[in-house]
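Under our numbering, the first residue of the sequence shown carries the number 51, and numbering increases by one thereafter.
Each residue gets a CB set at the ideal place from its N, CA and C atoms; glycine is no exception.
Notes to accompany the following structure.
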Amino acid sequence: FDPQAHYLVLADSSRVEYDRLLLATGARAFVPPFDGAGKKGVFTLRSLDDALAIKRQAQVASTAAVIGGGLLGLETARALLSANLDVTVIEFAPHLLPRQLDEEGAQVLQSRLEAMGLRILTGAATEAILGDERATGVQLGDGRVVDGQVVLISTGIRSRVELAREAGLEVNRGLVVDEHLRTSAPGVYAAGDVAEFEGQVYGIIPAAIEQAQVAAANMVAGPSTGSGRSSAVYSGTVPSTTLKIAGIDLTCLGQATATGDEFTILRQSDRANGIYRRLALREGKIVGAILLGDKQDVRVLKKLISTGRDVSAHRHRLLDDDFDLETW
51 FDPQAHYLVL ADSSRVEYDR LLLATGARAF VPPFDGAGKK GVFTLRSLDD
101 ALAIKRQAQV ASTAAVIGGG LLGLETARAL LSANLDVTVI EFAPHLLPRQ
151 LDEEGAQVLQ SRLEAMGLRI LTGAATEAIL GDERATGVQL GDGRVVDGQV
201 VLISTGIRSR VELAREAGLE VNRGLVVDEH LRTSAPGVYA AGDVAEFEGQ
251 VYGIIPAAIE QAQVAAANMV AGPSTGSGRS SAVYSGTVPS TTLKIAGIDL
301 TCLGQATATG DEFTILRQSD RANGIYRRLA LREGKIVGAI LLGDKQDVRV
351 LKKLISTGRD VSAHRHRLLD DDFDLETW
């Protein structure tokens, strides 16, 4: 498209003119450059068609290897296990869910998943996918081989910025936007997995919704230029992620894995019952939370994080079972 002349050219060569344009091109699955990723039986998961293809292959397979121990990888691994496959999860990081959990919380989660029947390998590098035309397993960097007639690659996403880059817009990891969700081109906005705000591509549904609302408001009304019209402003999204596996309640909020001298960390762990809670406080305010095996305080913690309410007076009681976060 031509951002200066304000028009798009579609695949059929037709031309569409615009006053304001929203780029919501999303993201694609990231596939690391290891050998064999193009074999039959190797999948990524970004669409319904992907899910149906995995389901068809699972019906004629007995083993599965999931490369990546993030949210999507674990959810799909559990689904494959429910389809009576032997499933191994291969995670390069030292523990599962490295973006959402600290090491202690990940250990509690891993114990729960292993009790369900999943095999978990952490600190494991994938070298290659084995097999001739069709995948038979995964070769690890230390020489071990993991069987897998179904291989799912779940190693993150990359923003679809090709169109924006070709048009000369400012692109980093994603398509760079300001607080009004404007790109570097006049009249062009972006939202969702393609958008990068203050150096961050969120890649989560709540952020996409909030960004879309701000972008739409400004596309209709236009950001304020001193004429008295108000403008919608995006200030970032409090990250909120939930692991969708039946029998496991896990929600991570805000700076869930925050560490450093500026943070006060509160923990409560009951590994026997699969419970782990962690709060991160900075300057007396809750800025992050991990709730594993206990979801009753998710809503109120999300509110406390977003409002920045000072809880320092009750710091030592925040994780007590008899302390009501909602009414204090």
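Inset, instruction - Would you check if the distance between the CB atom of residue 69 and the CB atom of residue 237 is smaller than 8 Å? - result: Within the sequence shown, the letter at position 19 stands for residue 69. Within the sequence shown, the letter at position 187 stands for residue 237. For residue 69 and residue 237, yes; Cβs fall inside 8 Å.
Inset, instruction - Take the Cβ of residue 346 as the centre, count every other Cβ of all protein chains shown within 10 Å, and call the residue buried at 16 or more, exposed below. - result: For the purposes of this step, residue 346 is taken as the residue at position 296 of the sequence shown. It counts as exposed.
Inset, instruction - Measure the C-alpha to C-alpha separation of residue 82 and residue 362 and round it to an integer number of angstroms. - result: Here residue 82 corresponds to residue number 32 of the sequence shown, with the count starting at 1. Here residue 362 corresponds to residue number 312 of the sequence shown, with the count starting at 1. Answer to the nearest angstrom: the Cα atoms are 44 Å apart.
Inset, instruction - Within the same chain, show all residues whose beta-carbon is closer than 8 Å to that of residue 108, passing over the 5 residues directly before and after it, in chain order. - result: Locating residue 108 in the sequence shown gives position 58, where the first residue counts as 1. Excluding sequence neighbours, residue 108 sits near 114, 130, 133, 135, 200.
Legend entry - Of the listed residues 143, 104, 144, 215, nearest to residue 127 (C-alpha basis): By one-based count along the sequence shown, residue 127 stands at place 77. With distances taken between Cα atoms, residue 127 lies closest to 104.
Inset, instruction - Return the chain-ordered ranges of every alpha helix (DSSP H) run that is complete within the stretch 231 to 307 and spans a minimum of 4 residues. - result: 255 to 271
Inset, instruction - Determine, using beta-carbon pairs with one atom in the stretch 168 to 175 and one in the stretch 88 to 98, whether at least three such pairs fall under 8 Å. - result: no
Inset, instruction - Determine, using beta-carbon pairs with one atom in the stretch 200 to 210 and one in the stretch 160 to 168, whether at least three such pairs fall under 8 Å. - result: no
Legend entry - Buried/exposed call for residue 51, threshold 16 Cβ in 10 Å: The residue given as residue 51 occupies position 1 in the sequence shown. Buried, because 16 or more other Cβ atoms sit within 10 Å of the Cβ of residue 51.
Legend entry - Cα-Cα separation between residue 371 and residue 327, rounded to whole angstroms: Your numbering for residue 371 matches position 321 in the sequence shown. Your numbering for residue 327 matches position 277 in the sequence shown. In a straight line, the C-alpha of residue 371 is about 11 Å away from that of residue 327.
Inset, instruction - Within its chain, find whatever has a CB closer than 6 Å to the CB of residue 339; leave out the 5 residues flanking it on each side and keep chain order. - result: In the sequence shown, the residue the question calls residue 339 occupies position 289. Same-chain partners within the cutoff: 303, 329, 351.
Inset, instruction - Could you check the C-alpha separation between residue 210 and residue 223 for me, to the nearest Å? - result: By 1-based counting over the sequence shown, the position of residue 210 is 160. By 1-based counting over the sequence shown, the position of residue 223 is 173. So the two alpha carbons sit approximately 10 Å from each other.
Legend entry - Through-space distance from residue 111 to residue 125, alpha-carbon basis: One-based indexing of the sequence shown puts residue 125 at position 75. One-based indexing of the sequence shown puts residue 111 at position 61. Each residue's Cα considered, the two are about 18 Å apart.
Inset, instruction - Determine the DSSP secondary structure at residue 91, reduced to helix, strand or coil. - result: In the sequence shown, residue 91 corresponds to position 41, counting from 1. In this structure, residue 91 counts as coil in the three-state DSSP scheme.
Legend entry - Own chain partners of residue 235 with C-beta closer than 6 Å, once the 5 adjacent residues on each side are dropped: By one-based count along the sequence shown, residue 235 stands at place 185. Excluding residues within five positions, the ones whose Cβ falls inside 6 Å are 53, 219.
Inset, instruction - Using the Cα positions of residue 384 and residue 181, report the straight-line distance between them to the nearest angstrom. - result: Given that the chain is displayed from residue 51 to residue 378, the structure contains no residue 384 and the question cannot be resolved.
Inset, instruction - Measure the alpha-carbon distance for residue 358 versus residue 189 and round it to whole angstroms. - result: Your numbering for residue 358 matches position 308 in the sequence shown. Your numbering for residue 189 matches position 139 in the sequence shown. Looking at the two C-alpha atoms, the distance is approximately 47 Å.
Legend entry - Candidates 333, 299, 297: closest to residue 311 by CA position: Along the sequence shown, one-based indexing puts residue 311 at 261. The shortest Cα separation from residue 311 among 333, 299, 297 belongs to 333.
Inset, instruction - Determine the DSSP secondary structure at residue 71, reduced to helix, strand or coil. - result: Residue numbering aside, residue 71 sits at position 21 when the sequence shown is read from its first letter. Strand at residue 71.
Legend entry - Own chain residues within Cβ distance below 6 Å of residue 256, not counting five before or after: Mapped onto the sequence shown, residue 256 falls at position 206. Result list for residue 256: 287, 290, in chain order.
Inset, instruction - Assign residue 259 to one of two classes, buried (16 or more other C-beta atoms within 10 Å of its C-beta) or exposed (fewer than that). - result: By 1-based counting over the sequence shown, the position of residue 259 is 209. Exposed is the call here.
Inset, instruction - Name the residue from 342, 376, 75, 341 whose alpha carbon lies nearest to the alpha carbon of residue 353. - result: Here the question's residue 353 lines up with position 303 in the sequence shown. When each option's Cα is compared against that of residue 353, the closest is 376.
Legend entry - Chain-order list of residues whose beta-carbon lies under 6 Å from that of residue 331 (same chain, five-residue window excluded): By 1-based counting over the sequence shown, the position of residue 331 is 281. Correct list, in chain order: 314.
Inset, instruction - Ignore the nearest five residues each way along the sequence and tell me which others in residue 367's own chain have a CB closer than 8 Å to its CB. - result: For the purposes of this step, residue 367 is identified with residue 317 of the sequence shown, where counting begins at 1. Only 373 meet the Cβ criterion.
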